[in-house]
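Just below is one structure, and these are the notes that go with it.
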Ligand code: HEM
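Protein chains in written order, with the working numbering: chain C, 1 to 322; chain U, 323 to 850.
Listed below in structure tokens is the structure:
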């Protein structure tokens with residue numbers, strides 16, 4: 001199985017370009033976050049009350065509100081300019097995601113297999129899922145000034161992937177030559193990539209409920225909570241299915257459907273943490289902050305599973321370190 | 323006493339406890355991922371215990387190196403199981419009751435609900451009711467007459483949520499039971515078979531190199547079959563990365579055993595042979611060098627013993643091939659003259675200084691670097707000994723001595739001081755096979771699929787209610803008008819009901835003319 005070197009080089013370039021575009025998008029969004037809507041608390045509260053009533057997606061923040069402390073004399077007022085950057089940031093994110101997708105497709109074609117056959121590729125797939133999830137969320141909730149918080153971990157992961165975990169395009173070893181590579185790994189990437197978004201949003205939820213000054217620039221706790229819950233609720237069954245597919249694969253690859261391999265164990269732990277999150281929302285006294293913290297713990301477990309377990313604790317997952 | 327029991331039971335079966343137990347289970351599972359585990363790697367456990375002194379021994383006696391078989395881990399999941407049963411029993415009854423229940427009566431004051439909207443239309447009460455019934459098709463509906471000619475509809479939807487939830491929890495129960503049954507009746511054994519037409523039969527635990535039975539398995543009633551490994555194929559990329567493994571095997575099972583019929587099967591990684599309720603896996607492979615010892619009296623002994631890969635990438639292997647002198651019956655004398663050939667085998671030899679190394683996993687240029695040891699191997703001491711090593715204590719006490727050291731290619735030999743000749747004849751590949759048996763694993767799969775289905779259903783469907791009340795009234799201009807009131811309530815923790823309610827309200831109260839029909843549309847409270 002020869003590897004198409006040219007194509008895999010183009011793929012690497014696209015990957016790099018995608019990261020670059022994400023960085024730009026993040027900077028734009030950062031400006032939006034910092035200057036886009038400096039709204040005095042009282043005004044915000046009033047506006048929220050007004051707009052929550054629409055019953056549909058909450059449009060709390062879509063209307064420019066001038067900040068009296070920040071008006072300059074010439075040009076469009078800075079809040080407006082920052083918000084325009086915010087919209088450009090979304091457009092850039094779409095562009096970045098497209099490049100990102102192209103990079104993965106080219107790698108897949110170059111190696112004649114699915115583009116998630118090692119840590120580098122798996123990380124890239126996962127990050128793409130996270131970005132797309134975020135873009136879908138943005139279609140329903142006008143909270144693009146939060147992009148910076150989602151893009152930050154994505155860029156960090158992609159940087160780590162591209163620099164530390166990078167591996168040359170190559171066919172996979174016999175242990176991975178199975179259609180379960182397509183099914184299991186993709187569903188896991190889908191589940192864990194999606195889960196990045198609610199994790200980040202839950203962090204913001206905690207910030208919103210804190211005394212930090214950024215809290216003023218975040219959407220209402222209610223919106224954050226809803227975004228986190230809805231994405232988790234979609235991601236969790238997908239992740240569950242991914243674990244089951246893994247078990248089916250393990251049955252035909254390792255001789256046992258469940259072996260308490262470190263990766264299996266931590267998946268189990270992550271699964272329980274998310275199950276606990278869903279339960280927590282049904283128990284009085286656990287809603288709100290505790291639930292958000294559990295959600296964050298869930299994301300932390302997933303990331304721990306991806307990196308620490310792969311790179312430090314060797315288990316049966318044979319692609320680790322590769 | 324009864325009160326105590328009842329309180330314990332209540333406490334145990336509350337959601338809060340279940341939540342706590344779930345967390346505890348997650349926490350308890352963690353050491354299994356972070357500390358070495360006996361069932362995955364016993365050698366590492368020993369090293370870890372040795373390296374950590376009393377601390378390691380304490381962890382060991384508390385079961386931290388065999389977490390999933392430890393008392394505390396089992397205790398948590400038994401408690402969780404009980405809690406689950408306790409939670410499920412009342413819920414099931416409630417569910418069955420709710421199957422036939424009618425949607426609840428329309429609240430007197432709809433404007434107190436989390437979602438509500440009010441408006442007036444030109445149509446009469448009948449028309450409004452008809453439109454509402456039409457719009458709420460698929461909902462469970464109850465229409466009621468009220469005072470003053472008003473009528474109302476209570477509608478409820480999303481009963482599947484509770485169904486999904488129960489399916490999920492019952493499937494989880496089933497899963498736990500199936501796992502327990504598997505634990506009792508499973509077995510698993512590993513065996514090395516030379517790829518030169520050697521056979522292996524599943525006739526008893528003695529046939530295996532290692533065997534781990536379930537709690538109710540004693541190894542006397544294994545499923546009968548035989549396997550013969552004719553050849554082993556491996557293919558590597560130029561980088562040395564493995565690309566393909568296949569053991570060409572033949573097997574016989576059932577009637578074939580009596581008629582001695584062999585059926586071929588290409589055994590590959592990821593593709594086990596499934597026969598007689600057992601599965602046979604290709605787990606690994608390696609090399610077995612063949613040595614011949616020609617004793618001074620001319621007698622020859624030839625052995626092909628597997629050596630274990632010391633490096634998984636280059637397949638540099640290490641081992642010890644052990645010979646008893648032929649024709650010596652006196653144990654004391656025999657102990658003087660046992661011979662072991664021990665050292666390294668490289669499938670593609672390179673020399674690093676004077677050390678043998680391997681540069682490629684395939685057989686391109688095989689060579690061995692051996693020490694020939696003579697004396698007492700300690701095999702009769704009654705202690706089991708690794709087939710890959712010689713007993714170092716015998717060397718330390720001087721009872722086993724090195725008498726030669728050599729690097730050999732196939733066909734080369736080395737002569738000892740007493741005239742004995744040790745020759746390296748060649749190398750055979752071996753396949754490392756595993757036989758597994760677990761009668762409950764299909765059930766585990768079935769239950770986990772139901773778990774996922776139930777879970778998705780219960781997460782993605784929301785249980786929600788809508789009420790519509792139409793009251794005949796008069797408009798400002800004296801026309802007959804109907805006042806329509808809508809109320810909505812999501813019964814479960816579920817985001818996004820407001821949007822659906824908004825759509826229903828839009829459909830039932832279409833024209834919004836703020837001048838003559840002041841409409842109120844409020845979503846109050848915390849919508850989650
Ligand atoms: C968060 C949890 C998990 C992640 C992120 C994960 C990820 C992966 C990835 C990336 C591969 C790799 C192949 C590759 O692209 O190189 C893989 C293979 C595999 N996974 Fe998982 N997995 C997870 C959980 C599980 C579980 C719970 C099981 C079994 C019960 C499982 C069983 C397998 C098997 C059998 C393979 C292929 C064989 C091998 O790598 O030797 N995985 N997994």
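Just so it is clear, CB atoms sit at the ideal spot from N, CA and C, and this is done for glycine as well.
Cβ of residue i within 8 Å of any chain C Cβ
i: residue 591 of chain U; result: yes
i: residue 503 of chain U; result: no
i: residue 566 of chain U; result: yes
i: residue 774 of chain U; result: yes
i: residue 352 of chain U; result: yes
i: residue 758 of chain U; result: yes
i: residue 396 of chain U; result: no
i: residue 778 of chain U; result: yes
i: residue 348 of chain U; result: yes
Rounded Cβ spacing between residue i and residue j (contact assumed at less than 8 Å)
i: residue 476 of chain U; j: residue 786 of chain U; result: That pair is no contact at about 12 Å.
i: residue 607 of chain U; j: residue 554 of chain U; result: 6 Å
i: residue 367 of chain U; j: residue 358 of chain U; result: 5 Å
i: residue 466 of chain U; j: residue 473 of chain U; result: 7 Å
i: residue 738 of chain U; j: residue 717 of chain U; result: No, residue 738 of chain U and residue 717 of chain U are not in contact; Cβ-Cβ is about 17 Å, not under 8 Å.
i: residue 116 of chain C; j: residue 186 of chain C; result: 7 Å
i: residue 531 of chain U; j: residue 513 of chain U; result: 5 Å
i: residue 587 of chain U; j: residue 579 of chain U; result: Actually they are not in contact, since the Cβ atoms of residue 587 of chain U and residue 579 of chain U sit about 16 Å apart, beyond 8 Å.
i: residue 344 of chain U; j: residue 247 of chain C; result: That belief does not hold up - the Cβ atoms of residue 344 of chain U and residue 247 of chain C are roughly 20 Å apart, past 8 Å.
Where the beta strand (DSSP E) containing residue i begins and where it ends
i: residue 607 of chain U; result: 600-616
i: residue 586 of chain U; result: 585-590
i: residue 522 of chain U; result: 520-523
i: residue 441 of chain U; result: 437-443
i: residue 575 of chain U; result: 564-575
i: residue 496 of chain U; result: Note, residue 496 of chain U: premise wrong, no beta strand (DSSP E); alpha helix (DSSP H) at 482-507.
i: residue 676 of chain U; result: Counting along the chain, residue 676 of chain U falls outside any beta strand (DSSP E), and DSSP gives it neither H nor E.
i: residue 694 of chain U; result: 689-697
Below-8 Å beta-carbon distance, residue i vs any chain U residue
i: residue 175 of chain C; result: yes
i: residue 251 of chain C; result: yes
i: residue 46 of chain C; result: Here residue 46 of chain C scores only 46 on pLDDT, less than 50, and its place in the model should not be relied on; the value that follows carries that caveat. Taking Cβ atoms only, chain U never reaches closer than 8 Å to residue 46 of chain C, which makes this a no.
i: residue 307 of chain C; result: no
i: residue 183 of chain C; result: no
i: residue 266 of chain C; result: yes
i: residue 248 of chain C; result: yes
i: residue 283 of chain C; result: yes
i: residue 236 of chain C; result: yes
Partners in chain U for residue i, counting only beta-carbon separations shorter than 8 Å
i: residue 279 of chain C; result: 337, 340, 341 and 344
i: residue 143 of chain C; result: Going along chain U, no residue has its Cβ under 8 Å from residue 143 of chain C, so there is no contact; the nearest lies around 15 Å.
i: residue 240 of chain C; result: 773, 774 and 777
Neighbour list for residue i in chain U, Cβ cutoff strictly below 9 Å
i: residue 178 of chain C; result: 591, 592 and 593
i: residue 273 of chain C; result: 344, 345 and 348
Terminal residues of the alpha helix (DSSP H) in which residue i lies
i: residue 751 of chain U; result: No alpha helix (DSSP H) holds residue 751 of chain U; the beta strand (DSSP E) holding it covers 743-759.
i: residue 187 of chain C; result: 179-208
i: residue 380 of chain U; result: 375-383
i: residue 546 of chain U; result: From DSSP, residue 546 of chain U is part of no alpha helix (DSSP H); its letter is neither H nor E.
i: residue 246 of chain C; result: 221-253
i: residue 418 of chain U; result: 393-422
i: residue 532 of chain U; result: From DSSP, residue 532 of chain U is part of no alpha helix (DSSP H) but of the beta strand (DSSP E) over 532-535.
Neighbour list for residue i in chain C, Cβ cutoff strictly below 7 Å
i: residue 766 of chain U; result: 257
Contact list for residue i against chain C, beta-carbon separation under 8 Å
i: residue 390 of chain U; result: 260
i: residue 359 of chain U; result: 260
i: residue 510 of chain U; result: 255 and 256
i: residue 679 of chain U; result: The contacting residues do not exist; residue 679 of chain U stays about 22 Å from chain C at best.
Closer than 9 Å at the beta carbon, the chain C residues around residue i
i: residue 754 of chain U; result: Per Cβ cutoff of 9 Å: no residues; residue 754 of chain U is ~11 Å from chain C at best.
Does the count of Cβ pairs from the segment 157-174 of chain C and the segment 115-135 of chain C closer than 8 Å reach three?
Verdict: yes, contact present.
The segment 374-383 of chain U in contact with the segment 296-316 of chain C per 3-pair CB rule at 8 Å:
These segments do not touch.
Give a yes or no on contact between the segment 199-207 of chain C and the segment 234-251 of chain C, applying the rule of three or more CB pairs nearer than 8 Å.
No, they do not touch.
Should the segment 268-281 of chain C be called in touch with the segment 236-252 of chain C, which here means at least 3 C-beta pairs below 8 Å?
Yes, they touch.
Do the segment 677-694 of chain U and the segment 729-746 of chain U meet, that is, are 3 or more Cβ pairs less than 8 Å apart?
These segments touch.
Should the segment 493-502 of chain U be called in touch with the segment 766-785 of chain U, which here means at least 3 C-beta pairs below 8 Å?
Three or more Cβ pairs closer than 8 Å define a contact, and the segment 493-502 of chain U meets that threshold against the segment 766-785 of chain U.
Does the count of Cβ pairs from the segment 761-775 of chain U and the segment 579-595 of chain U closer than 8 Å reach three?
The answer is no - the segment 579-595 of chain U does not touch the segment 761-775 of chain U, with fewer than three Cβ pairs under 8 Å.
Would you check if the segment 152-160 of chain C and the segment 339-350 of chain U touch, i.e. whether three or more CB-CB distances between them fall below 8 Å?
As far as the Cβ criterion goes, the segment 339-350 of chain U does not touch the segment 152-160 of chain C, which means the pair count is below three.
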